[in-house]
Amino acid sequence: MIEQIAEQQHSDFYDAVIIGAGNGGLVAAATLAMKGAKILLLERHNLPGGFATSFKRGRFEFETSLHELCDYGPPSDKGSVRDLFEDRLGLDAEFVEVPEAFRLILTDPQEEINVRMPFGFDNFLDAIEKEVPGCRTSVKRFFDLGEDILSAINYIGKTKGNPDQNVLLKEHANFLKTAAYTLDDVQQALEIPEKARKILNAYWVYLGIPTSRLNFTIYTLMEYLYILRKAHIPKKRSHEYTTALDAKIRECGGKIEYNTKVEKILVENGKVVGVETSNGDKIKTNHVVCNASPTLAYNILIHPKSEVPEIAYKQVNARRHAIAGFVVYMGLDTTAEELGLKDYSYFIYDNMNTEELYDSLNKLEKPRVQASICLNNAIPDCSPPGTCIISITSAFQPEAWKDVKPEEYFKLKNKIAEYLIETFEKATGASIREHIEEIEVASPQTFAHYTGTYNGIMYGYEQDPWDSFLARLMTMYDEKYIDGLEFCGGFAGRGHGYGATLKDGETAGLLTLQDLIKKGELK
Amino acid sequence: MSKKDNEKFDITIKSPTRDLFAFTKIVPQRKKRIEKASSEPITSDPMNELASILHPKRQYLVIDEIRDETKSTKTFKLIPDLDSNTKELAYFRAGQYLSLKVKVNEVAITRPYSISSSPTDALNGFYEITIRKTDDGFLTPYIWNNWKVGTKIISSDPAGHFYYDNLRDLKNIIGIGGGSGITPFRSMAKEIAEGKLDIKLTIIYGSSEEDDIIFYEELKQLEKKHPDKIKVVIVLSCEEVTLEGCEQGFITADIIKKYVNIDTSSFFICGPQIMYDFVDKEISKFNLPLKRIRKELYGEVKDVLNLPNFPKEIAEKTFKVKVHIGNQTKEIPAVATETLLVAMERANLAPPSICRSGECGLCRSLLINGDLYVSPINDGRREADKKFNFFHPCSSYPITDLEIKIPRSI
């Protein structure tokens, strides 16, 4: 009816077009715009952020997917994300510290873990020693390895990805020697007691694969950085910093179009030559930064199909698509204090058999895994006085949902939400059900609907040792199949975390910039 | 923690040589895995497919039947337009609405209408919407003159949050309806009668004239057939009431108390703005927590002049608004007492809109220059949007000349 009129359409030439305004696309666009590149950022939804956004129901504004931003750090010990936001991007966005690392509650009757773990290594070691006497030395070695990994990665970063092999062997041997292994392999070698491993591995759900397959390096680095620099969250939900990025991009002369879905990445002779959108824009460019996954780029976006090399399909098919989120958002008409909820982040699992838990994500039944947050315990005034916000997150293999019919869908997701609420109530002793003033339940379908992510997937590709961020970074040049196309986002090099996608956005922006300069394309 | 406190330790997993060797094998092994993988393209994406069925961007519909409900009200039965890509209708939850896109005398506008048919009816290929004509309205006189069987209509996916949620609401629902605000309750009542919605619904329906009660016969029939599940109370505000079993006057706390147990019920309210003003005061006598009272949106605020802090001195003014959309810029007039959405619709520059009540955020736009008045009773902006000057044109009014950027149509 209200068709796009021709005068509204974009047809100019751009130095780079960024597809998708998720964490990665926003930072890539800001990075390029700040360096003077003429860029256009296209987003299919009407908001920036992708998964990193917020939504309102009644008098509540919910954080959509972020639990804890890793490696932001306090002002006295800035992490890489704070460096990026404050020093390099100059963003106008406020972050607050989360009060504790996590509370872990295992609900199987034979399990006896209900423990609150603090930030800071000494505190953490004291707490875990108290729970599991005698574990301190081995757990400390686990964190020592985390420190080794961070120092190796900083070194590799300083050499711009060309480390001296001798320095690596001499100074960073522990990093090299653990990189090919799983979390289980290394923890067994460290002889960490089983119960201590259960506590240490509480964050496994943030990476979403069993510890028997999960790359040691990525997990250990993440946990090390959480305990070292604490977790942070945006004061006004993620919509604050994503909108700050939107403002920064425009301030630097970048253009952003929402409600604009890229339908084709045009490729000729192996090189990007432009993009076409659902609104009829035909844009010429030699550079695309793609916040959409390689899965979608190679299978859907690149046009013509004959430009997609066979190896690109193989690369996608060799990888395992990760899990998708399921979230119950609740605005309650009582306070966290009245509910007796003291902590911000609750990991509630049946047990710590992560293989079994992971397998359970393939079934539409009572979830055995949840990571829940009480937002007010980090941001007391995030909701009106006398209320609080709780969100319960679980996950599924999207395939579990594939035969669900529309007429069953709403009842089914409420049933699963009800299970999650019951489990939360039983584990924490807080009666929340009677206080629900607003509730919204998001399934893999919901995330597909709002972000367009392939199959509703939140976590990109799984990080087994052969496809960990290290393996990806070591092969990033070999596996570049289209000239002028860089990837960022949850399916890109560093993986799916907020910190990872933000930093990947910068990398993709800088690589594009480098290419523009090298080819003499930047005016 | 610092390692310097302790001796430096060297990790060994299998053996020092094998551990280093394992590192050197990461890349070759990755290459081998990729080489061995299938080169078949991926063609299925079940979650995006489900999303497009539940939330189609647009639904292309055609009027299949028009029924006169009362002297002022018609029901339009809408089915998929077979000439379009709409082959099936999106399922919904009883109480949700459709936002219709209509061109009236060359001006394209949207209007939200609650679906009056049941969700099961959508599976069977139709929606019904029930519209009351308002003689001074913009759209309804046009509809009465122009909509016929066969007229094509474009709609959004089902939208809104005015539906029963078993995790939030009590099982006894008091549906307070006024005028055409009865429509979502008809949908709920039908779903109850079909055995698919497990609630007890007491409809308290305010109507101004005896011969203009929408769905009177039908609701009474449903009540008769399902006396344990559905109860209908008609409250007539006309001077003389001859209809049996009706209440006379307005929907007061006393009338409500007479028919339901307040302590075990959740309220759902849908009607014109004037009804909310009255019913709000009555329901406040029960001192209920907010979670027990849900209200449907009612579109743009009609009497903006009476809203708190509205600058009345500029009420007569018309401002210039420079609008950027896509690659285009246009200057349009906007009067102070009309929302910017309406101003843009008059100029055929409408950004996408669904709820027209400040809530859905679909029309979210950027204020580049100038100043706005945002209606405090339907200010649905996110916190950060306030900080970065984004606003919802459907709940915002110009108070100076403006420069704005609006989203493109979807």
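Chains as they are written, first to last, in this note's numbering: chain E, 1 to 523; chain W, 1001 to 1410.
Just so it is clear, CB atoms sit at the ideal spot from N, CA and C, and this is done for glycine as well.
As the structure is a computational prediction, the values presented were derived from the model and not from experiment.
Report the neighbours of residue i on chain W: residues whose CB is nearer than 8 Å to its CB, in chain order.
{"i": "Gln397 (chain E)", "result": "The contacting residues do not exist; Gln397 (chain E) stays about 11 Å from chain W at best."}
{"i": "Ala180 (chain E)", "result": "Asp1019, Ala1022, Phe1023, Lys1025, Ile1026"}
{"i": "Tyr219 (chain E)", "result": "Chain W residues near Tyr219 (chain E): none, gap ~15 Å exceeds 8 Å."}
In the DSSP assignment, find the alpha helix (DSSP H) that holds residue i and state where it starts and stops.
{"i": "Met1188 (chain W)", "result": "1183 to 1193"}
{"i": "Ala417 (chain E)", "result": "406 to 428"}
{"i": "Glu131 (chain E)", "result": "121 to 131"}
{"i": "Ile156 (chain E)", "result": "136 to 158"}
{"i": "Glu1331 (chain W)", "result": "Per DSSP, Glu1331 (chain W) belongs to no alpha helix (DSSP H); it is in the beta strand (DSSP E), 1328 to 1335."}
{"i": "Ala318 (chain E)", "result": "310 to 318"}
{"i": "Arg1033 (chain W)", "result": "1026 to 1036"}
{"i": "Gln1096 (chain W)", "result": "Looking at the DSSP string, Gln1096 (chain W) is not in any alpha helix (DSSP H), and its letter there is neither H nor E."}
{"i": "Thr31 (chain E)", "result": "23 to 34"}
{"i": "Gly489 (chain E)", "result": "From DSSP, Gly489 (chain E) is part of no alpha helix (DSSP H); its letter is neither H nor E."}
{"i": "Gln370 (chain E)", "result": "Where Gln370 (chain E) is concerned, there is no enclosing alpha helix (DSSP H), although the beta strand (DSSP E) it sits in stretches over 369 to 374."}
{"i": "Glu1239 (chain W)", "result": "Here Glu1239 (chain W) belongs to no alpha helix (DSSP H), and DSSP marks it neither H nor E."}
Rounded to whole angstroms, what's the CA-CA distance from residue i to residue j? Just pull it up for me.
{"i": "Ile1404 (chain W)", "j": "Met330 (chain E)", "result": "34 Å"}
{"i": "Ala1037 (chain W)", "j": "Lys314 (chain E)", "result": "5 Å"}
{"i": "Leu418 (chain E)", "j": "Leu1167 (chain W)", "result": "According to the sequence displayed, residue 418 (chain E) carries Glu and not Leu. If you take the alpha carbons of Glu418 (chain E) and Leu1167 (chain W), they lie about 7 Å apart."}
{"i": "Asn291 (chain E)", "j": "Gly58 (chain E)", "result": "32 Å"}
{"i": "Phe1023 (chain W)", "j": "Lys1008 (chain W)", "result": "21 Å"}
{"i": "Phe1267 (chain W)", "j": "Gly1175 (chain W)", "result": "6 Å"}
{"i": "Gly134 (chain E)", "j": "Arg472 (chain E)", "result": "37 Å"}
{"i": "Cys1360 (chain W)", "j": "Gly1380 (chain W)", "result": "8 Å"}
{"i": "Phe1286 (chain W)", "j": "Ile1063 (chain W)", "result": "43 Å"}
{"i": "Leu1367 (chain W)", "j": "Gly1326 (chain W)", "result": "15 Å"}
{"i": "Ser80 (chain E)", "j": "Arg229 (chain E)", "result": "10 Å"}
{"i": "Glu97 (chain E)", "j": "Lys1231 (chain W)", "result": "52 Å"}
{"i": "Lys1258 (chain W)", "j": "Glu1210 (chain W)", "result": "21 Å"}
{"i": "Arg433 (chain E)", "j": "Leu104 (chain E)", "result": "22 Å"}
{"i": "Lys1387 (chain W)", "j": "Leu1139 (chain W)", "result": "36 Å"}
{"i": "Val1241 (chain W)", "j": "Tyr1205 (chain W)", "result": "15 Å"}
{"i": "Leu84 (chain E)", "j": "Gly499 (chain E)", "result": "10 Å"}
Classify residue i as helix, strand or coil using the three-state DSSP reduction.
{"i": "Glu1244 (chain W)", "result": "coil"}
{"i": "Ser1357 (chain W)", "result": "coil"}
{"i": "Arg1111 (chain W)", "result": "strand"}
{"i": "Ser1266 (chain W)", "result": "strand"}
{"i": "Asp117 (chain E)", "result": "Before going further, note that residue 117 (chain E) is Met rather than Asp in the sequence given. Residue state, collapsed to three classes: strand."}
{"i": "Ile1256 (chain W)", "result": "helix"}
{"i": "Asp1064 (chain W)", "result": "strand"}
{"i": "Ala1022 (chain W)", "result": "helix"}
{"i": "Lys78 (chain E)", "result": "coil"}
{"i": "Leu1288 (chain W)", "result": "coil"}
In chain E, which residues lie with their C-beta within 9 Å of the C-beta of residue i?
{"i": "Glu1035 (chain W)", "result": "Ile311, Lys314, Ala318"}
{"i": "Glu1441 (chain W)", "result": "Limits of chain W in this structure are 1001 at one end and 1410 at the other, which puts residue 1441 (chain W) out of reach."}
{"i": "Asp1048 (chain W)", "result": "Note that residue 1048 (chain W) is Asn in the sequence shown, not Asp. By Cβ distance, chain E contributes Gln445, Ala448, His449, Gly452, Thr453, Tyr454, Asn455, Gly456."}
{"i": "Phe1388 (chain W)", "result": "Asp92, Glu240, Thr243, Ala244, Asp246, Ala247"}
Taking residue i as the query, report the chain W residues whose CB atoms sit under 7 Å from its CB, ordered along the chain.
{"i": "Gln9 (chain E)", "result": "Gly1326, Asn1327"}
{"i": "Tyr409 (chain E)", "result": "Leu1054"}
{"i": "Ser54 (chain E)", "result": "Arg1382"}
{"i": "Tyr258 (chain E)", "result": "Pro1407"}
{"i": "Ile439 (chain E)", "result": "Asp1165, Leu1167, Arg1168"}
{"i": "Leu176 (chain E)", "result": "Leu1020, Phe1023"}
So which residues of chain E does residue i contact, with C-beta pairs closer than 8 Å?
{"i": "Asn1287 (chain W)", "result": "Those within 8 Å of Asn1287 (chain W) in chain E number zero; the least Cβ separation is about 13 Å."}
Could you tell me the boundaries of the beta strand (DSSP E) in which residue i lies?
{"i": "Ala395 (chain E)", "result": "388 to 396"}
{"i": "Val262 (chain E)", "result": "262 to 268"}
{"i": "Val1301 (chain W)", "result": "It is not in any beta strand (DSSP E) - Val1301 (chain W) carries neither H nor E in the DSSP assignment."}
Closer than 7 Å by beta-carbon distance: list the chain E residues that pair up with residue i, in chain order.
{"i": "Tyr1091 (chain W)", "result": "Pro406, Glu407"}
{"i": "Thr1339 (chain W)", "result": "By Cβ distance, chain E contributes nothing, its closest Cβ being about 17 Å from Thr1339 (chain W), past 7 Å."}
{"i": "Asn1166 (chain W)", "result": "Asn414"}
{"i": "Ile1410 (chain W)", "result": "Asn259"}
(message) Which residues of the region 441 to 469 of chain E have a Cβ closer than 9 Å to any Cβ of chain W? Give them in chain order.
(response) Val441, Ser443, Pro444, Gln445, Thr446, Phe447, Ala448, His449, Tyr450, Gly452, Thr453, Tyr454, Asn455, Gly456, Ile457, Pro465, Trp466, Asp467, Ser468
(message) Beta carbons nearer than 9 Å to chain W: which residues of the region 473 to 497 of chain E have them?
(response) Met474, Thr475, Asp478, Glu479
(message) Please identify, using Cβ separations under 8 Å, the residues of the region 1271 to 1303 of chain W that lie next to chain E, in order along the chain.
(response) Pro1289, Leu1290, Lys1291
(message) Closer than 7 Å between beta carbons: that is the criterion. Which residues of the region 1144 to 1165 of chain W meet it against chain E?
(response) Ile1154, His1161, Asp1165
(request) Could you run through the region 349 to 383 of chain E and flag, in chain order, every residue whose CB is less than 8 Å away from some CB of chain W? (result) none
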